[in-house]
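Numbering (our numbering), first residue to last: 1231 to 1430. Just so you know, even glycine gets a beta-carbon here, dropped at the ideal spot from N, CA and C. Fair warning: this is a prediction, and the values are worked out from it, not measured in the lab.
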Amino acid sequence: MIVGKESVIIIAGYFLGCISSGYYLVRFLANTDIRKHASGSTGARNVGRLLGKKGFLLTLGCDFTKGAAAILLCKYADLSDTATSLAMTAVVAGHIFPVQLSFHGGKGVAVTAGALLVFDYYLAACLTITFILLYFITKKYILSGMTAIALLCLFVFFRNRTPIEILSVFMVVAIILFAHRSNIKKEIANITASTETEDS
């Protein structure tokens, strides 16, 4: 059962996620709205397109730290693993759907990696290793990343987790895949086109 303190920290996790470092960094350094450029995401890859490698790394680091900080706050407050897993979902949701930016934020991979590292290093390791292996085989960033994210739904079953904790991981996976839906469609279209070319 989620009690008052846990509810407050879960909600705080959402608002922590809403701190879109990429958006504010571009606003400060380039005086423009990152959401009006390229993919429209406030995440590190899109920021890198405008601000270069330093902008990419700074945004990536901030987003990763934000995810880790949300879970560290839960541990500091001695929250249950169940409440902590919900806070993880909340911080990722806040990053992807920030209320102050009309629910138009980043795509959630870096913040998820940071949260997972503190919440369950096993899942973080599985995510990282799977991505590296798939990228080594396919050389496709989006395909490898989204497949690794989706496989979290499988990996979490090998942990001694409660149904709510498993559901929380499923929710994280679902909203990340939703945020990447246009990229996934493009990747599928590219693979299909490549296959048709080879067949012809």
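- [ ] Please go through the same chain and pick out, in chain order, the residues whose beta-carbon is closer than 7 Å to the beta-carbon of phenylalanine 1385, but skip the five residues on each side of it.
- [x] Taking the first residue of the sequence shown as position 1, residue 1385 is located at position 155. Counting only residues of its own chain and dropping the five nearest sequence neighbours on each side, phenylalanine 1385 has a CB closer than 7 Å to the CB of Leu1353, Cys1356.
- [ ] With DSSP collapsed to three states, give me the class of cysteine 1248.
- [x] Looking up residue 1248 in the sequence shown gives position 18. Looking at cysteine 1248 - three-state DSSP - the assignment turns out to be coil, as it is neither helix nor strand.
- [ ] Mind listing, in chain order, the continuous beta strand (DSSP E) runs of no fewer than 3 residues lying wholly within the segment 1302 to 1366?
- [x] Runs of the beta strand (DSSP E) inside the segment 1302 to 1366: none found.
- [ ] Along the alpha helix (DSSP H) that carries serine 1398, what are the first and last residues, could you check?
- [x] Position 168 of the sequence shown, counting from 1, holds the residue named residue 1398. Run containing serine 1398: 1393 to 1409, per the alpha helix (DSSP H) assignment.
TODO: Give the range of the alpha helix (DSSP H) segment to which serine 1374 is assigned.
DONE: Here the question's residue 1374 lines up with position 144 in the sequence shown. Taken as a continuous stretch (DSSP letters only), the alpha helix (DSSP H) holding serine 1374 covers 1371 to 1380.
Task: Close Cβ partners of glutamate 1417 (< 6 Å) along its chain, the five nearest in sequence each way excluded - done: As a first step, residue 1417 must be located in the sequence shown, where it is residue number 187. Taken in chain order, the residues that qualify are Ile1372, Leu1373.
Task: Simplified DSSP state of aspartate 1293, which is helix, strand or coil - done: Residue 1293 sits at position 63 when you count from the first residue of the sequence shown. Helix, per DSSP.
Open item on the list: Less than 8 Å between the beta carbons of threonine 1314 and phenylalanine 1286, yes or no?
Closed with: The sequence position of residue 1314 within the sequence shown is 84, counting from 1. The sequence position of residue 1286 within the sequence shown is 56, counting from 1. Going by C-beta atoms, threonine 1314 is not nearer than 8 Å to phenylalanine 1286.
TODO: Just mark aspartate 1308 as buried or exposed, buried being the case when its beta carbon has 16 or more other beta carbons within 10 Å.
DONE: Within the sequence shown, the letter at position 78 stands for residue 1308. It counts as exposed.
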